[in-house]
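Chemist: The sequence shown maps to residues 162 to 853 in our numbering. For every residue, glycine included, the Cβ atom is placed at its ideal position computed from N, Cα and C. These numbers come from a predicted model, not from an experiment. My questions all concern the structure below.
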Amino acid sequence: MESVARAIRDLVRENEYRYEEIAILMRDIEPYEDLLKHTFARFDIPYFLDDSRSMMHHPVIEFIRSTFEMMIQNYRYEPVFRAFKTDLLFPLHSNWQMFRERVDELENYVLATGKKNQDWTVATNWTYSSARHLLDVRSQTDKEKKIEERLNETKNMLIAPIEQFHKVLCTCTNVEEMSSALYEFLIELHIPEKLEQLSQAAVDREALEESSEHGQVWENIIDVIDQFVHVAGSDDLGLETFSTLIDAGFESLSFRLVPPAIDQVTIADMERSRLPKIKTTFLIGCNEGLLPKRPTEDGILSDQDRNQLEAHGVSLGPSAVERLWHEPFFVYLTQSSSSHHIVFSYALADEEGSSLLPSPLIRQLNEQFSGIITAFVEAEPAGTQLSDQLTYLSHPRQAIDLLSRQLQRWKAGETIAPIWWDVYNWFTNQPDWYAHFETALQSLTYDNEAVALREESSAKLFGEHIEASVSRMELFEQCAFRHFSQYGLNLKERDIYRLEAFDIGELFHAVLKDISDVLKRENKTWKTITEEECRHITGEVTKAVVPKIQRHILESSNHFRYVQYKLTNIMQNVTKTLREQAIQSNFETIDLEVEFGRKSPLQSPVYTLDNGATMSLRGRIDRVDQATTDRGSYMQVVDYKSSEQSLSFTDVLHGISLQMPVYLDVVVNGAKSWMGIEAHTGECFIFTFIIR
162 MESVARAIRD LVRENEYRYE EIAILMRDIE PYEDLLKHTF ARFDIPYFLD
212 DSRSMMHHPV IEFIRSTFEM MIQNYRYEPV FRAFKTDLLF PLHSNWQMFR
262 ERVDELENYV LATGKKNQDW TVATNWTYSS ARHLLDVRSQ TDKEKKIEER
312 LNETKNMLIA PIEQFHKVLC TCTNVEEMSS ALYEFLIELH IPEKLEQLSQ
362 AAVDREALEE SSEHGQVWEN IIDVIDQFVH VAGSDDLGLE TFSTLIDAGF
412 ESLSFRLVPP AIDQVTIADM ERSRLPKIKT TFLIGCNEGL LPKRPTEDGI
462 LSDQDRNQLE AHGVSLGPSA VERLWHEPFF VYLTQSSSSH HIVFSYALAD
512 EEGSSLLPSP LIRQLNEQFS GIITAFVEAE PAGTQLSDQL TYLSHPRQAI
562 DLLSRQLQRW KAGETIAPIW WDVYNWFTNQ PDWYAHFETA LQSLTYDNEA
612 VALREESSAK LFGEHIEASV SRMELFEQCA FRHFSQYGLN LKERDIYRLE
662 AFDIGELFHA VLKDISDVLK RENKTWKTIT EEECRHITGE VTKAVVPKIQ
712 RHILESSNHF RYVQYKLTNI MQNVTKTLRE QAIQSNFETI DLEVEFGRKS
762 PLQSPVYTLD NGATMSLRGR IDRVDQATTD RGSYMQVVDY KSSEQSLSFT
812 DVLHGISLQM PVYLDVVVNG AKSWMGIEAH TGECFIFTFI IR
């Protein structure tokens with residue numbers, strides 16, 4: 162495609178052509194459309210693309226379709242936010258960017274809380290809390306109250322007009338009334354005025370084609386509604402049928418293209434366009450299968466059906482065979498479209514590197530004409546001959562890219578043509594292009610090597626004192642960049658309303674903590690309770706904890722209620738095992754979910770880092786046990802895991818599995834301040850509960 166662009170610029174510069182005297186024709190525009198737009202923009206070639214585009218993706222059409230889909234599907238997430246993100250529900254004279262940010266905030270909230278269906282239409286306000294940890298029990302902050310108010314205000318502003326429209330549609334008795342309700346709905350939302358705003362904004366950006374599209378869409382929508390009323394105004398249709406027919410009407414709409422009134426290259430389909438006053442035509446895509454185009458049998462009528470209908474006088478469009486017969490005629494029209502030159506172009510390979518064959522037309526031309534010039538065009542100039550290089554120097558932007566690649570070759574020890582040094586010197590004296598030129602040259606010396614943060618930047622991101630969890634230390638050893646992203650830039654994944662391993666782990670930790678509290682209140686231990694008591698307490702505690710998991714997710718559907726049943730059984734088996742272990746062990750459980758660091762009685766040492774900053778540890782130990790012997794007290798830590806894990810001394814040595822030894826060290830060294838005793842190092846265990 163770049164060779165075509167270079168040829169066009171050469172015709173205009175050297176042969177004094179006007180752009181309007183040049184045409185690019187092809188059998189199918191779609192495969193080349195994006196490439197043409199990108200290439201012509203890089204070469205600053207004005208063009209007119211003679212290809213009608215469907216209106217289906219225009220914001221107003223999308224808004225109407227998603228609104229109907231929303232009502233039919235009981236306010237499902239996807240159509241709801243497709244409608245919201247058209248921006249057409251925002252107040253007419255408002256800051257649309259601000260409201261779009263509020264829609265994004267609302268979407269994040271809906272995804273995190275699982276709001277759906279009737280949640281949109283109930284009068285009750287939604288509640289907001291940023292608490293994610295199950296043990297994070299606190300009152301709503303002032304900041305959270307403001308976010309909650311903003312979320313409800315945004316939700317009510319967006320859903321109220323749609324809900325009112327839905328109520329009106331439910332009272333309609335025929336197509337005419339439903340069409341009138343749709344029209345009134347659009348008028349109440351000031352859609353014509355908003356389209357004028359969009360059109361003017363496009364004009365301000367010099368996007369005249371986009372402005373024209375905004376101007377066309379309203380009258381086409383009204384025309385579809387009018388035709389619908391004219392054809393089926395008195396028919397009684399359900400909402401879903403009405404929506405389907407409206408959709409069918411919209412699918413037939415396409416934007417009218419304004420013929421070029423300025424000096425532009427015309428890009429067109431060779432079947433549809435008839436171009437006068439063209440001097441040079443480029444016919445691209447002359448490959449087998451594309452030219453002639455292979456017709457497809459995509460209709461519902463067989464050849465026999467067509468013959469029978471035509472025998473009864475029914476006029477039908479051309480069949481696949483007839484369309485194939487038309488192909489030579491289209492080629493003839495293309496060959497006779499220009500007065501001076503015609504260039505046939507075909508690709509040797511597709512974007513995946515697979516080989517392509519030229520069209521039979523190329524062979525026919527070579528057989529019929531002896532003076533045809535055939536040239537293989539490479540992506541970059543070959544050799545060092547001046548004539549070979551000059552052909553590629555067509556536009557400064559493209560020349561910079563070529564120069565960069567030539568200098569890469571020179572850096573690798575290859576010989577390049579002397580003209581590239583002239584090109585280099587020319588760019589050094591071009592203020593308009595120097596910034597682009599300098600950026601391209603940086604690729605010659607760029608080395609993808611990680612550079613440490615400056616100390617002042619690090620201090621701003623992490624502070625002079627770091628309070629870190631053990632998992633954060635492990636993460637830093639595993640991947641420093643991930644640590645920087647998570648703790649320096651505070652990046653995190655979007656919170657989605659779903660049951661994850663983290664939530665199940667939270668459930669098990671909370672249940673075991675609450676069981677421990679129950680045993681303390683009743684002055685019992687794991688060793689003294691019976692198996693039946695253990696099972697009963699576990700069931701009751703699990704039942705109480707379940708609603709706190711991921712905003713009642715385990716009670717949200719029959720599927721999750723079954724998951725709840727399975728988790729309760731697993732939990733009862735776990736506590737049964739813990740009871741049996743306690744009976745056989747000399748260790749007694751002191752406490753569960755033991756926090757250390759911050760303001761906890763159990764503290765960790767403060768470490769001084771190489772740059773002078775300090776770091777202390779914080780965390781929560783799942784379980785701490787103590788065994789008292791005649792040689793003193795021994796401490797044991799137990800960590801609960803929901804997946805199979807083991808403690809590897811190699812991982813400990815490399816700093817990527819520090820949790821268990823660090824926890825044990827904190828408990829042993831902090832026992833004096835925490836419990837008032839001197840303690841000895843005991844053991845650390847990982848207790849795994851497998852979920853199947």
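Under the three-state reduction of DSSP, which class applies to I155: helix, strand or coil?
Modeler: No answer is possible for residue 155: it lies beyond the span of the chain, which begins at 162 and ends at 853.
Chemist: Let me make sure I understand the geometry here. Which of F757, S809, P766 has the alpha-carbon closest to that of R784?
Modeler: Per the Cα distances, F757.
Chemist: Check for me: the beta strand (DSSP E) holding A184 runs from which residue to which?
Modeler: Run containing A184: 183 to 187, per the beta strand (DSSP E) assignment.
Chemist: If you draw a straight line from the C-alpha of E628 to the C-alpha of F669, how long is it?
Modeler: Rounded to the nearest angstrom, the two C-alpha atoms are 26 Å apart.
Chemist: Are there three or more Cβ pairs, one per stretch, closer than 8 Å when the region 743 to 760 is compared with the region 714 to 726?
Modeler: No: fewer than three Cβ pairs fall under 8 Å.
Chemist: For F403 and E230, what's the separation of their Cα atoms in angstroms?
Modeler: Distance between the alpha carbons of F403 and E230 is about 11 Å.
Chemist: Since I523 and C640 are thought to touch, with beta carbons under 8 Å apart, how far apart are those beta carbons, to the nearest angstrom?
Modeler: About 54 Å separates the two Cβ atoms, so there is no contact after all.
Chemist: Please specify which runs of the alpha helix (DSSP H), each continuous and at least 4 residues long, are wholly inside the region 243 to 329, giving them in chain order.
Modeler: With a minimum length of 4 residues, the continuous alpha helix (DSSP H) runs that stay inside the region 243 to 329 are 257 to 274.
Chemist: Roughly how far, in whole angstroms, is the beta-carbon of R570 from the beta-carbon of I577, given that I think they are within contact range, below 8 Å?
Modeler: About 6 Å separates the two Cβ atoms, so the contact holds.
Chemist: By alpha-carbon positions, which one of R243, G816, T285 ends up nearest to E314?
Modeler: Among R243, G816, T285, the Cα nearest to that of E314 is on T285.
Chemist: Give the C-beta separation of L319 and W287 to the nearest angstrom, bearing in mind that I take them to be a contact with Cβ-Cβ under 8 Å.
Modeler: Contact flag wrong, Cβ pair sits at about 13 Å.
Chemist: Straight-line CA distance for S213 to E309?
Modeler: Between S213 and E309, the C-alpha separation is close to 46 Å.
Chemist: Is the CB of I185 under 7 Å away from at least one CB in chain D?
Modeler: The chain labelled as chain D is not found in the depicted structure, where only one protein chain is given.
Chemist: If you measure between the beta carbons of D664 and I710, is that distance less than 7 Å?
Modeler: Against a cut-off of 7 Å, the Cβ pair of I710 and D664 comes out as a contact.
Chemist: Mind checking whether F846 and V813 have CB atoms under 7 Å apart?
Modeler: The answer is no: Cβ separation not under 7 Å.
Chemist: Starting from the Cα of E223, find the closest Cα among T247, R203, N235 and give me that residue.
Modeler: With distances taken between Cα atoms, E223 lies closest to T247.
Chemist: So, for V329: in the same chain, excluding its five sequence neighbours on each side, which residues have a beta-carbon less than 7 Å away from its beta-carbon?
Modeler: For V329, where only same-chain residues beyond five positions count, the Cβ hits under 7 Å are A342.
Chemist: Please look up how many angstroms separate the CB atoms of G666 and S803, rounded, as I've assumed it's under 8 Å.
Modeler: Indeed they touch by this definition, with Cβ atoms about 5 Å apart.
Chemist: Determine whether the beta carbon atoms of Y658 and A273 lie at a separation below 7 Å.
Modeler: Against a cut-off of 7 Å, the Cβ pair of A273 and Y658 comes out as a contact.
Chemist: Less than 7 Å between the beta carbons of R188 and L452, yes or no?
Modeler: Closer than 7 Å, so yes.
Chemist: Pop quiz: A601 and S555 are said to be a contact at Cβ under 8 Å. What is the actual Cβ separation, rounded to whole angstroms?
Modeler: With a Cβ gap of about 17 Å, A601 and S555 do not count as contacting.
Chemist: Tell me where the alpha helix (DSSP H) around G837 begins and ends.
Modeler: Segment: none, G837 is in no alpha helix (DSSP H) and carries neither H nor E.
Chemist: Quick check on the DSSP output: what are the complete alpha helix (DSSP H) runs of length 4 or more inside the region 474 to 525, in order along the chain?
Modeler: Taking only runs of at least 4 residues, the alpha helix (DSSP H) segments lying wholly in the region 474 to 525 are 481 to 496.
Chemist: Nearest-angstrom Cα distance between F251 and L819?
Modeler: Each residue's alpha carbon lies about 52 Å from the other.
Chemist: Exposed or buried, D675, counting other C-beta atoms within 10 Å across all chains shown (16 or more means buried)?
Modeler: It is buried - the Cβ of D675 has at least 16 other Cβ atoms within 10 Å.
Chemist: Where does the unbroken beta strand (DSSP E) through V813 begin, and where does it stop?
Modeler: First-last for V813: 810 to 814, but that is the alpha helix (DSSP H), not the beta strand (DSSP E).
Chemist: Between the alpha carbons of W281 and V706, how many angstroms are there, rounded?
Modeler: Each residue's alpha carbon lies about 27 Å from the other.
Chemist: Which residues does DSSP pair with C845 in a beta bridge?
Modeler: DSSP output for C845 lists V798 as bridge partner(s).
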